[in-house]
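Asker: In the working numbering, the protein residues as written are 1040 to 1565. C-beta atoms are modelled at their ideal positions from N, C-alpha and C, and glycine is treated no differently.
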C-alpha cells in the first residue's frame, strides 16, 4: 500500500510537471506571438500617420512606446496568465481539500479575505497611476538621449556638453524618483499581503489546534489542513505579482491606445482604382490653404498649370510657401477639394499608391540610412543593377566621389549619412530619384549645398534625361531655373509673377530684383 501511494504521488508529480511545462509554453509562446503582432501593428500604424502627427510627436515618446510599454504588455500576457492559471488551479484544489476536512475551519481561515480585496484595489490604483508616470519620465529621458545623439555635432560646436549632461542628469533623477515612488508602494503592498497571510495562519493555528484537542478533527487532519493552507499561500502571494503586472500592463496599454487612437489623415477616399499611371500634367485651381483653423492663410488664391513633360520652377522669398505647394501636391498635407488636378483627375480620385509611385521629391534636408551607398541609391528600385546605379550617379555628378571611398559603392555610410558632405548627400539623393525615373520629379532646393558650376552641369544632364517628363524645381538660385518652361513667383500667399526667365526679367518685379542681387553677389564672390 505504501509503495503504491508513493508511486501514485510520483506519477502525479510527473504529470503536473509535464502539464505545467506545456501550459507555460502555450501561454508564453502565445504572448511572444502577440508581442510580435502588436509591434507590427504599431509600426504599420506609424507608417500611416501624416506629417502633421510627426510635427507634434516626440521621437523619444514613440521609442518608449515601442520598448518599455510593449514589454509591460508582453509581461502581462505571458507571465500574468501563467501565474493566473497557477493561482486558479492551486487555489481551487487547496480549498476543496480544506473544505473536505472542515468547512468551519475553512471559513475561519478565509475570513480576512475581504481585506485582501481592499488592499488590491487600493494599491492597484496607486501602482497604475505611478507606473504611467514612470513610463512618461522614461519617454522624456529617451527623447533627450535621442536628440543629444542626433545633434551631437551641434552640441560640440557650441560647447554644450555640460549643459546636455546636466539636462540628462535632471531627467534621470526624475526617472529614479518616480521609480522610487513606485518601489515605496510595493514596500507597503507586499508586507500588507504577508500580514494578511500570517493572520490567516494564526486563525487556523488557534482554532484548528483547539478543534484537534477537542477531537473535532484528528491531528493528521489538522496537519494536512495546515499544509493545504500553506499551498494557498502561494496564490495569495502571486496575487500581488498579478496586480503589479496587470496595473503595469494596462497602464502601458492605455499609452499605446493613445497612439492607436490617432486616425491617419492622409487616406484613400472615393478614389478611381483605374488610375494607375500619370502623364504628369498638373493644375492648381483657386487653391486656398491654412494648416488649421487658428493659423493664418498660407495661400489665398493660387492658380497655375504645367503640361506633362514640361519644367516648372517656383521661386520666392523665404517663408512664402514654396515647399507647402509641393507638400499639398504630394499629399503630405490634404489640400482643399477641387483645388489640385493631375491629368484632369481631381487629386483625391488618384490612389495614394499611384500618386507616390509616379512622383518623387528630393527635399533640401536629405535622409540617408546607415547602409551601403548602393542600397541607399536603390531604395526606390530594389531590382536595379549595379550598372543602373553607376549611370545615375554619373548624371548626379557624384560617381567620382563614390569610387574614391574605401569600398566604393559598398561603403557603409553613417547614420543619416553623417560621413558625407552636404553636397554629396544631396547628389546621392538626386541619383536615388533619377534611378526611379518618375513621371513627376520635384527638387526642393535639392542643390543648395553644391557649387553653381556643378549645379548647372547636373541640371543640364537632368533636362536631357527628363525630356518628356514633368519636373518641378524649387530654388533660391535663379541660375538653377533659367531653363524652366514656366516660372512662378510666390509672394504673400499668392502668385506675384508668372512666365519664363526672359519675360520675368522684363517685368522688373520681384524676380528681376532677386536675379539682380544674386548677380551682384556672384561678382563679389569671384
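(1) Between the Cα of residue 1501 and the Cα atoms of 1220, 1514, 1480, 1537, which residue gives the shortest distance?
(2) Less than 7 Å between the CB of residue 1524 and some heavy atom of the ligand SAM, yes or no?
(3) What are the start and end residues of the alpha helix (DSSP H) that includes residue 1145?
(4) On the criterion of 16 or more Cβ atoms from any shown chain inside 10 Å, does residue 1056 qualify as buried, or is it exposed?
(5) To the nearest angstrom, report how far apart residue 1211 and residue 1218 are at their CA atoms.
(6) Buried or exposed for residue 1400, please, with buried defined as at least 16 other CB atoms from any protein chain shown within 10 angstroms of its CB.
(7) Just how far apart, CA to CA, sit residue 1514 and residue 1403?
(8) Locate the beta strand (DSSP E) running through residue 1538, then write down its first and last residues.
(9) I need the straight-line Cα distance from residue 1362 to residue 1411, nearest angstrom please.
(10) By the three-class DSSP mapping on this structure, what secondary structure does residue 1530 have?
(11) Quick check: what's the CA-CA separation for residue 1206 versus residue 1187?
(12) In three-state DSSP terms, what is residue 1409?
(13) Is residue 1056 helix, strand or coil by DSSP?
(14) Under 8 Å, Cβ to Cβ, is there at least one residue of chain D near residue 1292?
(15) Near residue 1375, what residues of its chain come up, given a Cβ to Cβ distance below 8 Å and the 5 sequence neighbours on each side ignored?
(16) Name, in chain order, the residues that DSSP records as bridge partners for residue 1483.
(17) Buried or exposed for residue 1344, please, with buried defined as at least 16 other CB atoms from any protein chain shown within 10 angstroms of its CB.
(18) By alpha-carbon positions, which one of 1538, 1261, 1238 ends up nearest to residue 1248?
(19) Need the endpoints of the alpha helix (DSSP H) that residue 1372 sits in, please.
(20) Opposite residue 1525 in the DSSP bridges: which residues?
(21) Just to check my reading of the structure: residue 1526 and residue 1520 have Cβ atoms closer than 8 Å, yes? What is that Cβ distance to the nearest angstrom?
(22) Using a Cβ distance threshold of 8 Å, determine whether the region 1266-1282 contacts the region 1343-1358, with at least three qualifying pairs required.
(23) Going straight from the alpha carbon of residue 1306 to that of residue 1517, what length do you get?
(24) Using a threshold of 8 Å, state whether the C-beta atoms of residue 1468 and residue 1485 are closer than that.
(25) So, does the region 1121-1131 touch the region 1060-1069, judging by three or more C-beta pairs under 8 Å?
Answerer: On the basis of the supplied data:
(1) As a working note, residue 1501 is residue 462 in the chain shown. When each option's Cα is compared against that of residue 1501, the closest is 1480.
(2) Among the ligands in the structure shown, none appear at all, so the ligand SAM cannot be discussed.
(3) Taking the chain shown and counting its residues from 1, the one referred to as residue 1145 is at position 106. Note, residue 1145: alpha helix (DSSP H), 1142-1148.
(4) The sequence position of residue 1056 within the chain shown is 17, counting from 1. Flag for residue 1056 reads exposed.
(5) What you label residue 1211 is simply residue 172 of the chain shown in a count that begins at 1. What you label residue 1218 is simply residue 179 of the chain shown in a count that begins at 1. If I take the Cα positions, the gap works out to 11 Å.
(6) As a first step, residue 1400 is located in the chain shown; it is residue number 361 there, counting from the start. By the 10 Å Cβ count, residue 1400 comes out buried.
(7) On the chain shown, residue 1514 is found 475 positions in, with the first residue counted as 1. On the chain shown, residue 1403 is found 364 positions in, with the first residue counted as 1. Taking the straight line from one Cα to the other gives about 10 Å.
(8) Taking the chain shown and counting its residues from 1, the one referred to as residue 1538 is at position 499. Its beta strand (DSSP E) spans residues 1533-1538.
(9) As a working note, residue 1362 is residue 323 in the chain shown. As a working note, residue 1411 is residue 372 in the chain shown. Near 29 Å, if we compare the C-alpha coordinates of residue 1411 and residue 1362.
(10) Taking the first residue of the chain shown as position 1, residue 1530 is located at position 491. Residue 1530 falls in the strand class under three-state DSSP.
(11) Taking the chain shown and counting its residues from 1, the one referred to as residue 1206 is at position 167. Taking the chain shown and counting its residues from 1, the one referred to as residue 1187 is at position 148. Computed Cα separation, rounded: 10 Å.
(12) Numbered from its first residue, the chain shown carries residue 1409 at position 370. The answer is coil: DSSP assigns residue 1409 none of H, G, I, E or B.
(13) Here the question's residue 1056 lines up with position 17 in the chain shown. Helix.
(14) The displayed structure is made up of one protein chain only, and chain D is not part of it.
(15) Your numbering for residue 1375 matches position 336 in the chain shown. Cβ within range, chain order: 1326, 1327, 1328.
(16) As a first step, residue 1483 must be located in the chain shown, where it is residue number 444. Looking at the DSSP assignment, residue 1483 forms a beta bridge with 1513.
(17) The residue labelled residue 1344 in the question sits at position 305 within the chain shown. Looking at its Cβ environment, which holds fewer than 16 other Cβ atoms inside 10 Å, residue 1344 is exposed.
(18) Here the question's residue 1248 lines up with position 209 in the chain shown. If we check each option's Cα against that of residue 1248, 1261 comes out closest.
(19) Position 333 of the chain shown, counting from 1, holds the residue named residue 1372. Where residue 1372 is concerned, there is no enclosing alpha helix (DSSP H), given that its DSSP letter is neither H nor E.
(20) For the purposes of this step, residue 1525 is taken as residue 486 along the chain shown, with counting starting at 1. Per DSSP, 1351.
(21) For the purposes of this step, residue 1526 is taken as the residue at position 487 of the chain shown. For the purposes of this step, residue 1520 is taken as the residue at position 481 of the chain shown. Correct: roughly 6 Å between the Cβ atoms.
(22) no
(23) For this step, residue 1306 is matched to residue 267 along the chain shown. For this step, residue 1517 is matched to residue 478 along the chain shown. Taking the straight line joining both Cα atoms gives about 36 Å.
(24) Position 429 of the chain shown holds residue 1468. Position 446 of the chain shown holds residue 1485. Yes, the pair counts as a contact, with Cβ atoms nearer than the cut-off.
(25) yes
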